[in-house]
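Remember, my numbering sits 30 above the position in the first sequence when you count from 1.
Contents: one structure, followed by commentary.
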Amino acid sequence: MTNKELADLLLPNVDSDLSKYEEKYPERNLKEGAIVTRFAPSPTGFVHMGSLFQSFISRKVANDTEGIFFLRVEDTDQKRLVENSVKGIVLDLKNFNIEIDEGMLSEEEEKGAYGPYMQSLRKDIYQSYVKYLIEQGKAYPCFCTAEEIEDTRLLQEKKKQRIGYYGRFAKCRKLTPDQIKEKVEKGEPYIIRFKSYGDFERRIKVNDLIKGNLEVPENDLDIVILKSDGLPTYHFAHLVDDHLMRTTHVIRGDEWLSSLPLHIQLFESMGYKPPKYAHISPIMKEENGVKRKLSKRKDPEAAVSYYHEKGIPVEAVKLYLMTLANTNFEQWYDCNKDKSLEDFTFDFKKMSSSGGLFDVEKLFNISRNYISRLKASEVYEGTVNWAKDYDSEFYEILKSHKDYATSVFNIEREQKKPRKDYGCYSEIKEQTWYMFKELFDKEEKDYAFQTISDKEEIKNILTAYMEKYYNENDTKEEWFDHMKDLAHEFGYAKEVKEYKENPDNYKGHIGDISLVLRIVLTTKSMTPDLYDIMHILGKDTILERYQNWIKEN
RNA sequence: GGCCCGUUGGUGAAGUGGUUCAACACACAUGCCUUUCACGCAUGCAUUCAUGGGUUCAAAUCCCGUACGGGUCACCA
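In structure tokens:
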């Protein structure tokens, strides 16, 4: 029996003519140096930080070179499918403004000329390639049962030999055509394995864009390429898809590094040029002094939705990812504050080859700086969008007081050295609630008095301020002069310096007085500039809050 | 167990044989500035690059061993 007959026996209704695929999916007509990348998740749930990181880099590299970035769904493991996860993946990418040029848009829809982009829909294609390999004598059926495989493994372990289906352990490789025919006709179930021509003793050099040159043993494992359900394994789908989809750069997690010799051999056996590989180390997390992979189950920050919920601007997360991705980015950005991510060119060589620790603290710092440079109207937009999903009360308030809220967010903003109060949008309410009447009035108030805490003294200060010193039309200078006069009247130094020089002459200094006015107005001892706050709150609110406090105490 | 990768301060890290090589950033600490806070400014924070040996006039940088961490060895991706 020839290989051709064997192939027909095993895959009777499959066409092994590959030329039609080559014609249908031609070399991409892109400019010189354009990079084609992809994000290829299994639809088993939502996007993990590590995957987002990978797709972020892939998208970036494609952008930098005017290439293509596409989304392929790897659903060849039918047991692990989670309903609607394609939708979730698409949404997560969308939330981070990672656009795809081609690929899945939802559970059913896709765009692009190199599809289908859902592997389960590519069954025919894979089978054609499998049949072709059988005809070429480069693949063969395997009838081993799970038990048999397990037994060889045990034996190999016992004899301290390498584990796997290779060499003399590859029983079915030695089956004669007649034996195969007999088994098939008896109805014995089988899968298809790749007939490796590698030699473990031989070492080959492989290159990884991030890890550099590696020297590894050749692959000699006869891995499964077609499973009993007729779908391919990852390795084989990778070969077929990334060849046909004309991927130039495979960017993936470094758990794949050890199968790189296999993948290179697979491409070689078909006479295809393998893509370039970039294996990314996992993002780590430290807990109780132990470093481990960031885990979606244990770490809330591993889920991409966490950032959406916290209200960290997408752009800030990207800035952080870029500092992790390219170690020279941070300095570049520091020198080019007016530029954006798009102006920076990603470089594989500048990527750390070992896994970095995910530093939420640093992310918040980047976010804080980013928000501080935003315009008040942008902060307003961001906060409204966040509140819309996560805080309906705040959302309503913001919606009905747009200009007012914007002026609150504008305090000490849009200047050379803006305040850095907000690390994320979800923090804004707790920092500005006292500026909103609706929130202030309903709040159970806890006034944080410090140096001056005697209620009579406070009442007197408030009364004097309202009667003699407060004038809503004061400029900041006038306002401050009045504060000084108030301090003086009550025996407090007009200047902190004066007080420090002669502490015995005074009950305190102007800071103590302004603190009282600040606290009764806001309940807090730490706020942005008091003049700005008063200016925005307005006369009525100020008098109301002062009078109410006097009444209640 | 086999194979592969990694190890620079609390963190992210720069640096691949010698001209300040231990940058820069985050965090932390102290001080200054200031009506509070924040901002800003100043200063401090690894005599040492996991560890033991070797090569060299010279090593974080090259070589070998050890330890520790990670990955992989499925009809999962």
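Quick reminder that beta carbons are idealized off the backbone N, C-alpha and C, glycines included.
| Check | Outcome |
| --- | --- |
| Scan the stretch 515-575 and note each continuous alpha helix (DSSP H) run of 4 residues or more that stays entirely inside, going in chain order. | 526-531, 540-552, 560-567 |
| In angstroms, rounded to a whole number, what distance separates the CA positions of residue 438 and residue 524? | 29 angstroms |
| If I measure Cβ to Cβ from residue 390 and keep anything under 8 angstroms in the same chain, skipping five residues before and after, which residues do I get? | 331 |
| Is residue 501 helix, strand or coil when you go by DSSP? | coil |
| Determine the closest residue to residue 195 out of 451, 106, 251, with distance taken between C-alpha atoms. | 251 |
| Is DSSP giving residue 396 helix, strand or coil here? | helix |
| Quick one: what does DSSP say residue 292 is sitting in, helix, strand or coil? | helix |
| In the DSSP output, what is residue 251 paired with across the bridge? | 196 |
| Would you call residue 81 buried or exposed, if buried means 16 or more other Cβ atoms sit within 10 Å of its Cβ? | buried |
| Check residue 438 in the structure and name its three-state DSSP category. | helix |
| Would you kindly work out how many angstroms separate the C-alpha atoms of residue 384 and residue 375, rounded to a whole number? | 21 angstroms |
| With residue 207 as the anchor, note down where its alpha helix (DSSP H) starts and where it stops. | 207-216 |
| Within 10 angstroms of its Cβ, does residue 533 collect 16 or more other Cβ (buried), or is it exposed? | exposed |
| In this structure, does DSSP put residue 119 in helix, strand or coil? | helix |
| Tell whether a beta-carbon distance below 8 angstroms holds between residue 516 and residue 576. | no |
| Please give me, in chain order, every unbroken run of the alpha helix (DSSP H) with length at least 4 that falls completely inside the stretch 404-477. | 406-420, 422-430, 432-439, 458-462, 467-472 |
| Taking 8 angstroms as the cut-off, decide whether the C-beta atoms of residue 299 and residue 204 are in contact. | no |
| Which residues does DSSP list as the beta-bridge partners of residue 308? | 281 |
| Measure the C-alpha to C-alpha separation of residue 100 and residue 356 and round it to an integer number of angstroms. | 22 angstroms |
| According to the Cβ coordinates, are residue 557 and residue 566 closer than 8 angstroms? | no |
| To which residues of the same chain is residue 47 closer than 8 angstroms at the C-beta, ignoring the five residues directly before and after it? | 158 |
| In three-state terms, what does DSSP make of residue 182? | helix |
| Beta-carbon separation of residue 452 and residue 458 under 8 angstroms? | yes |
| Can you give me the start and stop residues for the beta strand (DSSP E) that residue 365 sits inside? | Taken as a continuous stretch (DSSP letters only), residue 365 belongs to no beta strand (DSSP E), being part of the alpha helix (DSSP H) at 359-365. |
| Would you mind sorting residue 352 into buried or exposed? The rule is 16 or more other CB atoms within 10 Å of its CB. | buried |
| If distances are taken between C-alpha atoms only, which option among 582, 53, 74 comes closest to residue 326? | 74 |
| State whether the stretch 409-429 contacts the stretch 270-283, with contact taken as three or more CB pairs (one from each stretch) at a distance under 8 angstroms. | no |
| According to DSSP, is residue 388 part of a helix, a strand, or is it coil? | coil |
| Can you tell me the Cα-Cα spacing of residue 141 and residue 130, whole angstroms? | 9 angstroms |
| Are at least three pairs of beta-carbons, each pair with one atom in the stretch 223-232 and one in the stretch 116-126, less than 8 angstroms apart? | no |
| Between 339, 363, 197, which lies nearest to residue 350 when the distance is taken from Cα to Cα? | 363 |
| On the DSSP letters alone, give me the boundaries of the alpha helix (DSSP H) that residue 332 sits inside. | That residue, residue 332, is in no alpha helix (DSSP H); it is neither H nor E in DSSP. |
| Which residues in the same chain as residue 449 place their Cβ atom closer than 8 angstroms to its Cβ, once the five residues preceding and following it in sequence are excluded? | 402, 441, 442, 443, 558 |
| Using only the alpha-carbon positions, how far apart do residue 92 and residue 113 sit? | 30 angstroms |
| Taking residue 50 as part of the alpha helix (DSSP H), name the residues at either end of that continuous run. | 49-54 |
| Any idea what DSSP makes of residue 96, helix, strand or coil? | coil |
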